[in-house]
Amino acid sequence: MPSSVTIIPRKDPPAKLPAKPCYGDIFVVEESLTMPFHKLLAVAMNTASIKTTVTPACRRIVETICSSSRFSEKLGRRRPGILCHAPLGAEGDTRPWIFLMGTFDGHDEINLPQIYQDFAITVCTDTTKDWEGKFTIRTSPNWRMFPPTKTQWVVVIPMSPQSGKLPVERWICFGDQNIPYTIEPSEFSKLTKYSRGKLKEFTGKIMSDRNYLTKVAKDIQKHELKYRAQKKREYASSCRSSQMHHLQQGMRSMQLTDFTNIEFDRASMQRSSPGKKPVASVYSKASARVVL
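Counting from 1, one number per residue, gives the positions in the sequence shown under full-length UniProt numbering.
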């Protein structure tokens with residue numbers, strides 16, 4: 001059974017870490033960044049007002065995508081998660097809810113499915129300024145990104161951790177003071193409002209266009225298949241590189257051994273004293289001893 005948690009809204013930034021978690025606090029979670037989108041499709045497909053308009057083809061695609069979530073759970077990596085409110089309609093749900101953060105493996109925004117772009121917002125880092133004309137949020141302290149060329153995203157689809165439990169480890173800004181990351185109340189309020197607006201917009205599109213959910217599902221499926229194929233190619237290439245490296249190391253080792261043996265043989269052929277002829281050593285297999 002999922003654990004019940006009490007979360008207190010924070011009015012002012014605390015001087016010390018509070019005993020209870022606050023909305024906007026950022027924790028360490030172990031989740032796949034695809035999970036919120038899978039859950040979004042599953043919930044939409046089974047919503048009473050939408051359920052009757054879902055085509056069998058769309059249902060099959062969504063079920064296929066969601067079945068891969070079991071595989072995604074095992075591939076979840078440690079990432080930041082922002083403690084947030086339950087989505088509208090689930091206010092009575094006592095499980096903790098989070099917005100996942102991630103980099104989408106460094107992909108440019110234009111290479112992501114449109115649904116990813118719709119629900120992903122940019123986090124301003126300590127080396128970037130607010131993007132003009134684009135919704136962004138700031139953390140406290142300012143988010144540090146390495147390498148700085150990558151973009152940090154927040155997926156504004158609330159989801160409950162697979163464990164159903166509140167994360168306990170805070171995501172830390174390492175430095176002189178090792179401060180836990182958080183989002184200040186004004187920024188968090190802005191983030192919550194934006195998330196609910198996007199979810200409402202998504203529902204409206206499904207209601208007005210019965211093919212919209214199918215299109216979204218196909219886009220996600222296509223992206224995930226492409227991503228997995230790319231990872232398989234990278235893994236195969238890595239294996240080949242590793243095998244080639246070991247082969248080259250083995251050849252170098254053999255060459256070094258041969259060179260050492262040659263030098264040893266040369267050193268053993270010492271000159272004899274004057275008046276004597278050098279006599280080669282002979283190994284007698286029969287007696288298994290050296291005969292001079």
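Built from N, CA and C at the ideal position, the CB exists for glycine as well.
Check, Outcome
"Can you grab the Cα-Cα spacing for the pair PHE135 / LYS20, in whole Å?", "29 angstroms"
"Name the two residues that bound the continuous alpha helix (DSSP H) containing LEU199.", "185-208"
"Between the Cα of ASN111 and the Cα atoms of ASP219, TYR23 and ALA236, which residue gives the shortest distance?", "ASP219"
"Could you tell me the distance, in whole angstroms, from the CA atom of ARG79 to the CA atom of ASP105?", "12 angstroms"
"Only counting the same chain, and skipping five residues up and downstream in sequence, which positions put a Cβ closer than 6 angstroms to that of PRO2?", "Because PRO2 sits at a pLDDT of 45, beneath the cut-off of 50, its placement in the model cannot be relied upon, and the following sentence gives the value as read from the coordinates. Hits under 6 angstroms: ARG95 and GLY164."
"Quick one: what does DSSP say GLU31 is sitting in, helix, strand or coil?", "strand"
"If you drop the 5 nearest sequence neighbours on each side, which residues of the same chain put their C-beta closer than 6 angstroms to that of LYS205?", "TYR212"
"Please give the ranges of any alpha helix (DSSP H) in the stretch 21-67, keeping only runs that are unbroken, at least 4 residues long and fully inside the region.", "35-45, 48-51 and 56-67"
"Using the Cα positions of PRO147 and THR103, report the straight-line distance between them to the nearest angstrom.", "11 angstroms"
"Can you tell me where the alpha helix (DSSP H) holding PHE119 begins and where it ends?", "114-119"
"Taking all protein chains shown into account, do 16 or more other C-beta atoms lie within 10 angstroms of the C-beta of CYS239, making it buried, or fewer, making it exposed?", "exposed"
"Out of LYS226, ARG252 and MET207, which has the shortest C-alpha to C-alpha gap to LYS51?", "MET207"
"With respect to the beta strand (DSSP E) encompassing ILE157, which residues constitute its N-terminal and C-terminal limits?", "Taken as a continuous stretch (DSSP letters only), ILE157 belongs to no beta strand (DSSP E), as it is neither H nor E."
"Considering Cα atoms alone, identify which of SER140, ILE98 and LYS222 is closest to VAL168.", "ILE98"
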